[in-house]
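Counting from 9, one number per residue, gives the positions in the sequence shown under this note's numbering. Beta carbons are placed, not taken as given, at the ideal position from N, Cα and C, and that holds for glycine.
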Amino acid sequence: MFSFLKDKIKKAVDSVSEKFKKEEEIPVVEEIKEKPKKKLKEELKKKIEEKKKEIQEEIKRENLQDEIQEKGFLKKLSEKITTRKISEEKFESLFSELEMALLENNVALEVIDKIKEDMKIDLVDTPLSRGNIEDQIKNSLKNSISDLFEKSFDILDKMNKKPYVICFVGINGSGKTTNLAKVANYLQKNKKTCIFSASDTFRAAAIQQLEIHGKKLGVKVIKHNYGSDPAAVAYDAIEYAKKHKIDAVLIDTSGRLHSNENLMAELKKIIRISNPDLTIFVGEAITGNDAVEQAKTFNEQIGLDGIILSKQDIDEKGGTAISIGYITKLPILFIGCGQGIDDLEAFNKDKILQQLGLE
């Protein structure tokens with residue numbers, strides 16, 4: 009997972025660090041700036057020797073406190089000649105390599121601009137220690153990416169009413185039905201009862217697919233015939249749940265392109281009738297910026313509360329996970345990491361940073 013982006017980030021950071029180290033040093037302390045290296049070295053040596061003599065005399069007269077002062081002096085003096093600054097012009101030149109790495113791995117332009125501004129604030133005209141430039145660059149990148157993610161939440165913490173209605177939306181083939189079943193499995197493991205609404209009345213075999221999941225999990229499926237009103241199915245499922253005191257209603261909807269106005273109008277009707285407590289967009293991580301744009305449009309059309317990224321386990325680039333939350337301002341709730349019913353993980357941004365080699 010994320011191996012391509014991880015490698016690209018490492019190569020870019022290493023390259024930027026090396027280029028920065030090779031640049032002509034710009035000392036932080038002005039009084040040292042114009043002195044030749046040889047003369048500077050002699051003066052430093054002379055100062056150190058003089059200070060040593062002073063300390064030896066002080067030890068005899070007073071106490072060992074001045075030994076600490078000597079160490080502080082040497083450390084300060086050392087920092088003066090090993091600390092550098094990077095100009096804004098040089099930053100622009102160095103960042104271009106990292107920018108290309110991010111673009112190649114499906115990170116959205118808007119996100120790259122945000123990362124660039126964050127790192128510019130951290131690094132430009134800031135004293136950088138020559139010995140750990142790479143760590144400073146990585147930490148700046150890590151902090152910027154970490155801030156991209158909206159704070160996630162546990163569905164269980166939101167379930168303060170019965171029935172709690174969750175609607176799953178997305179385009180064709182994104183894994184809505186499979187991930188709906190995974191969420192049901194998660195709820196059941198936490199002692200919550202569920203019912204399925206087969207509101208995908210358009211796709212061939214959609215109801216059968218949901219019934220297969222329902223049978224495996226022991227979950228009742230409320231269904232009508234193919235071609236019937238999907239909003240009516242959702243309504244019946246909610247009424248059944250109320251009557252039987254079921255904790256959660258999970259509504260499966262047909263996949264639709266976000267650009268199809270008629271199908272989006274149908275989805276709006278489902279949302280209006282069912283009034284879900286949580287509307288989740290399911291998108292494929294491997295589709296990159298397409299998933300980001302889909303989530304953005306769905307959010308504008310019907311309003312979303314969270315995201316599930318499916319097929320995250322086979323996404324080597326990682327740009328979708330990095331971009332989608334920042335662009336939509338929505339939390340990633342779960343990531344799909346396989347086809348099994350248990351292959352659903354609560355989103356953890358620290359784990360993402362670790363997979364990117366930044367933690």
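Closest residue to residue i among the options (Cα-Cα distance)
{"i": "Leu341", "options": "Lys170, Asp165, Glu58 and Ile120", "result": "Asp165"}
{"i": "Ser160", "options": "Thr287, Asn356 and Lys276", "result": "Asn356"}
{"i": "Asp313", "options": "Tyr334, Lys325 and Leu286", "result": "Leu286"}
{"i": "Glu292", "options": "Glu274, Ile322 and Lys277", "result": "Ile322"}
{"i": "Asn168", "options": "Gln309, Ala256, Gly181 and Lys122", "result": "Ala256"}
{"i": "Val132", "options": "Glu96, Val300, Asn151 and Tyr172", "result": "Glu96"}
{"i": "Phe204", "options": "Ala212, Lys150, Asn198 and Thr185", "result": "Thr185"}
{"i": "Phe176", "options": "Ile288, Ile349 and Gly333", "result": "Ile288"}
{"i": "Ile145", "options": "Gly346, Ile349, Asp22 and Asn297", "result": "Asp22"}
{"i": "Phe157", "options": "Ala239, Asn233 and Ile123", "result": "Ile123"}
{"i": "Asn187", "options": "Thr328, Gln347, Ala212 and Asp298", "result": "Gln347"}
{"i": "Lys325", "options": "Glu353, Ala239 and Glu112", "result": "Glu112"}
{"i": "Lys276", "options": "Gly296, Asp298, Ala240 and Ala249", "result": "Ala240"}
{"i": "Met127", "options": "Ser148, Lys231, Leu110 and Ala109", "result": "Ser148"}
{"i": "Thr317", "options": "Lys359, Asn233 and Gly183", "result": "According to the sequence shown, residue 317 is Leu rather than Thr. Comparing Cα positions, the closest option is Gly183."}
{"i": "Glu353", "options": "Thr209, Gly327, Val191 and Arg92", "result": "Val191"}
{"i": "Asp208", "options": "Thr261, Glu219 and Ser236", "result": "Thr261"}
{"i": "Thr328", "options": "Asn114, Leu110, Leu106 and Leu225", "result": "Asn114"}
{"i": "Gly235", "options": "Leu225, Gly226 and Arg211", "result": "Arg211"}
{"i": "Ile330", "options": "Glu118, Thr305 and Ile153", "result": "Ile153"}
Close Cβ partners of residue i (< 6 Å) along its chain, the five nearest in sequence each way excluded
{"i": "Asn307", "result": "Thr336"}
{"i": "Ala249", "result": "Pro171, Ile203 and Val257"}
{"i": "Leu110", "result": "Ile120"}
Bounding residues of the beta strand (DSSP E) (the contiguous stretch that carries residue i)
{"i": "Ile354", "result": "Reading off the sequence, residue 354 comes out as Ala, not Ile. Here the beta strand (DSSP E) through Ala354 covers Leu352 to Ala354."}
Cα-Cα separation, residue i to residue j
{"i": "Gly263", "j": "Phe103", "result": "40 Å"}
{"i": "Ile315", "j": "Asp351", "result": "16 Å"}
{"i": "Leu361", "j": "Asp155", "result": "11 Å"}
{"i": "Ile94", "j": "Ser137", "result": "11 Å"}
{"i": "Gly311", "j": "Arg280", "result": "11 Å"}
{"i": "Ile174", "j": "Gln309", "result": "17 Å"}
{"i": "Glu269", "j": "Asp143", "result": "49 Å"}
{"i": "His221", "j": "Ala116", "result": "35 Å"}
{"i": "Lys251", "j": "Asp244", "result": "11 Å"}
{"i": "Lys228", "j": "Val300", "result": "33 Å"}
{"i": "Asp121", "j": "Asn151", "result": "15 Å"}
{"i": "Ala242", "j": "Gly344", "result": "25 Å"}
{"i": "Ile141", "j": "Ala189", "result": "47 Å"}
{"i": "Ala213", "j": "Lys253", "result": "29 Å"}
{"i": "Gln363", "j": "Ile349", "result": "23 Å"}
{"i": "Ala20", "j": "Asn193", "result": "41 Å"}
{"i": "Ile278", "j": "Ile129", "result": "46 Å"}
{"i": "Leu195", "j": "Glu100", "result": "49 Å"}
{"i": "Ile230", "j": "Lys223", "result": "13 Å"}
{"i": "Ala163", "j": "Lys197", "result": "The amino acid at residue 163 is misidentified as Ala; the sequence shows Ile. Distance between the alpha carbons of Ile163 and Lys197: 13 Å."}
{"i": "Tyr334", "j": "Thr134", "result": "27 Å"}
{"i": "Asp358", "j": "Lys98", "result": "31 Å"}
{"i": "Pro238", "j": "Gln217", "result": "16 Å"}
{"i": "Glu26", "j": "Pro284", "result": "53 Å"}
{"i": "Ile215", "j": "Glu107", "result": "45 Å"}
{"i": "Ile259", "j": "Glu118", "result": "33 Å"}
{"i": "Asp298", "j": "Thr305", "result": "11 Å"}
{"i": "His232", "j": "Ala273", "result": "20 Å"}
For residue i, the first and last residue of its enclosing alpha helix (DSSP H)
{"i": "Glu142", "result": "Ile141 to Ser154"}
{"i": "Ala109", "result": "Glu96 to Glu112"}
{"i": "Val115", "result": "No alpha helix (DSSP H) holds Val115; DSSP gives it neither H nor E."}
{"i": "Lys357", "result": "Lys357 to Gln363"}
Spatial neighbours of residue i in its chain, beta-carbon cut-off 8 Å, leaving aside the 5 residues before and after
{"i": "Ile246", "result": "Pro171, Val173, Ser205, Val257 and Ser282"}
{"i": "Leu265", "result": "Ile179, Asn180 and Leu271"}
{"i": "Lys200", "result": "Leu164, Met167, Asp255 and Ala256"}
{"i": "Leu338", "result": "Glu158, Phe289, Ala303, Asn307, Leu312, Asp313, Gly314, Ile315 and Ile332"}
Same chain, Cβ closer than 7 Å to residue i, neighbours up to 5 away in sequence not counted
{"i": "Ile294", "result": "Lys319, Ile322 and Asp323"}
{"i": "Glu125", "result": "none"}
>> Please give the ranges of any alpha helix (DSSP H) in the stretch 166-244, keeping only runs that are unbroken, at least 4 residues long and fully inside the region.
In response: 184-197 and 214-225
> Enumerated in chain order, which unbroken segments of the alpha helix (DSSP H) with a length of 4 residues or greater are wholly contained in the stretch 259-341?
Replying inline: 269-282, 297-310 and 327-336
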